[in-house]
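Visitor: If you count by mature numbering (1 follows the signal peptide of the UniProt record, and there is no 0), then the sequence shown holds residues -32 to -1, 1 to 297, one letter each, in order. The structure that follows is given in the form of structure tokens.
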Amino acid sequence: MIVCSSRQMMRLLHTILFVSVLVVVYTEIVEATTTGNKSVEVTKGINGLEKVILRQTHGSSVEVYLYGAHVTSWKNEQGEELIFLSSKAIFSPPKPIRGGIPTVFPQFSNLGSLQSHGFARNRFWTIDNKPSPDTFKVTNGVFVDLLLKPTEEDLKIWPHRFEFRMRVTLTPGGDLVLTSCIRNTDDVGKPFTFTFAHHTYFSVSNISEVEVKGMAKLDYLDNLQNRTRFTETKDTITIDSEFDRIYLSTPKKVAVLDHGNKRTVFVRKDGLPDAVVWNPWEKKAKTIVDLREDEYKYMIAVEAAAIEKPVTLQPGEEWKGRLELSTRH
């Protein structure tokens, strides 16, 4: 049996603690430099606007601007761009950015008194370095947490206090995940109601080569016919003219097939029951100033949304939505 004095015991404990700290630090350094799951870069983008770049070891990446919490790029391991961004996109606040993944909140389209698609997409978000551990589950991948709170000007046009937190994640396999949490922080007991969408523009080889699956026999609102309600009769959606529909109560998984690129993008969603499918086609494209006339051929918007049944939050309540995008060749 070994007997130690109190002084020797203290020295031993300090040594053990010091070695333990070294092991933890070394482990974190090794993980950061070898797994590739901790690659986050904050830098300046177009017109000096701040953006965050997420990277994985095998080559996939995501780019998100703090202006609008707007995803402007998602590339796979081969470096192929999966998100469409207009060549004429305007990176000049307060203009929204054409293409990518704009976040629509608190109003979809003109379904209310606000500007079309609300104001979240043309506000400056902040990086949330200390998110509550209860907000999001443990994330597998590299991520950034973004936060939006209303300004006094926002409260004049939409008098509701809220916290909108969004986690943008790039998984080790190259999937893109957007997780949203919106909380009513009003302290005077006022509920509020909102509609929501991730207005995702996908890059495609040619719109004539694209099919969307998952909408068969579903009801939809046709925005080209004053949102008249119809039922989808086709098993697969193809587009050969202007197309703008809100599909209702859609499945949690929708597929976008691009035969030209021999690629399928899967759209998985939770808390977002509706799905918008949109392409402006030739005539309308000519009227969109921040879209080149022929670019309608190389994009399709398939949006995860909550539109038909607006979300209502009482003070202290929160809503969560999740969008996961993955690809397969």
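In this text, a Cβ means the ideal position worked out from N, Cα and C, and glycines have one as well. Since we're looking at a predicted model, the values are computed, not measured.
Considering Cα atoms alone, identify which of I69, P61, Y188, V257 is closest to V235.
Guide: I69
Visitor: Where do the N-terminal and C-terminal ends of the beta strand (DSSP E) with L123 fall, by residue?
Guide: Where L123 is concerned, there is no enclosing beta strand (DSSP E), although the alpha helix (DSSP H) it sits in stretches over 120 to 125.
Visitor: Please go through the same chain and pick out, in chain order, the residues whose beta-carbon is closer than 6 Å to the beta-carbon of K181, but skip the five residues on each side of it.
Guide: Taking C-beta separations shorter than 6 Å and ignoring five residues to either side along the sequence, the partners of K181 in its chain run T204, A223, following chain order.
Visitor: What number of angstroms, rounded off, separates the C-alpha of E121 from the C-alpha of R151?
Guide: 19 Å
Visitor: Pull up the distance between the alpha-carbon of P159 and that of L116, whole angstroms please.
Guide: 18 Å
Visitor: Taking buried to mean at least 16 other C-beta atoms within 10 Å of its own C-beta, is K124 buried or exposed?
Guide: In this structure K124 is exposed. Its beta-carbon is surrounded by fewer than 16 other beta-carbon atoms within 10 angstroms.
Visitor: How would you call Q282, buried or exposed, if buried means at least 16 neighbouring beta carbons within 10 angstroms?
Guide: Burial check for Q282: the Cβ neighbour count within 10 Å stays below 16, so the residue is exposed.
Visitor: Would the region 84 to 99 and the region 32 to 47 be scored as touching if the rule is three or more Cβ pairs under 8 Å?
Guide: yes
Visitor: Sort L225, V30, G80, L22 by Cα distance to M267 and report the nearest one.
Guide: Minimum Cα distance to M267 is reached at L225.
Visitor: So, for E276: in the same chain, excluding its five sequence neighbours on each side, which residues have a beta-carbon less than 8 Å away from its beta-carbon?
Guide: So the list reads L189, I214, L216, S217, P241, D242, once near-sequence residues are dropped.
Visitor: DSSP state of W246, grouped into three classes?
Guide: strand
Visitor: Is it buried or exposed, A165, if we count other Cβ atoms within 10 angstroms and call 16 or more buried?
Guide: buried
Visitor: Given that a residue counts as buried once 16 or more other Cβ atoms are within 10 Å of its Cβ, and exposed if not, what is T201?
Guide: exposed
Visitor: Anyone know if the C-beta pair for V32 and K19 falls short of 8 Å?
Guide: yes
Visitor: Relative to the C-alpha of L17, which candidate in K63, G47, V106 has its C-alpha closest?
Guide: K63
Visitor: Which of the three DSSP states, helix, strand or coil, is assigned to N152?
Guide: strand
Visitor: Check each candidate in T40, G13, G47, N15 and name the one with the smallest Cα separation from S28.
Guide: G47
Visitor: Looking at chain D, is there any beta carbon in it that lies within less than 8 Å of the beta carbon of L186?
Guide: The chain inventory of the structure shown lacks chain D, comprising one protein chain alone.
Visitor: Where are the alpha helix (DSSP H) runs, 4 residues long or more, that stay fully inside the region 226 to 272, in chain order?
Guide: 249 to 253
Visitor: Report the CB separation of W126 from L186 in whole angstroms; it is logged as a contact under 8 Å.
Guide: Rounded, the Cβ-Cβ distance is 31 Å, inconsistent with contact.
Visitor: Out of G157, R195, K221, which has the shortest C-alpha to C-alpha gap to A184?
Guide: K221
Visitor: To the nearest angstrom, how far is it from the Cα of E131 to the Cα of K265?
Guide: 37 Å
Visitor: Do the region 255 to 262 and the region 48 to 57 make contact, defined as three or more Cβ pairs closer than 8 Å?
Guide: yes
Visitor: Exposed or buried, what is E49 when buried is set at 16 or more other beta-carbons lying within 10 Å of its beta-carbon?
Guide: It counts as exposed.
Visitor: Could you give the first and the last residue of the continuous beta strand (DSSP E) run that contains F162?
Guide: 160 to 166
Visitor: Which residue comes first and which comes last in the beta strand (DSSP E) that contains R133?
Guide: 130 to 138
Visitor: Which word fits I(-4), buried or exposed, when buried means at least 16 other C-beta atoms lie within 10 angstroms of its C-beta?
Guide: Residue confidence is low: I(-4) scores 31 on pLDDT, short of 50, so the model does not pin down where it sits. Its coordinate-derived value is still stated next. With fewer than 16 Cβ atoms within 10 Å of its Cβ, I(-4) is classed as exposed.
Visitor: With distance defined between alpha-carbon atoms, name the residue in L138, L291, L293, S41 nearest to F111.
Guide: Of the candidates L138, L291, L293, S41, L138 places its Cα closest to the Cα of F111.
Visitor: Report the residue from V72, R197, D154 whose alpha carbon sits nearest the alpha carbon of H167.
Guide: V72
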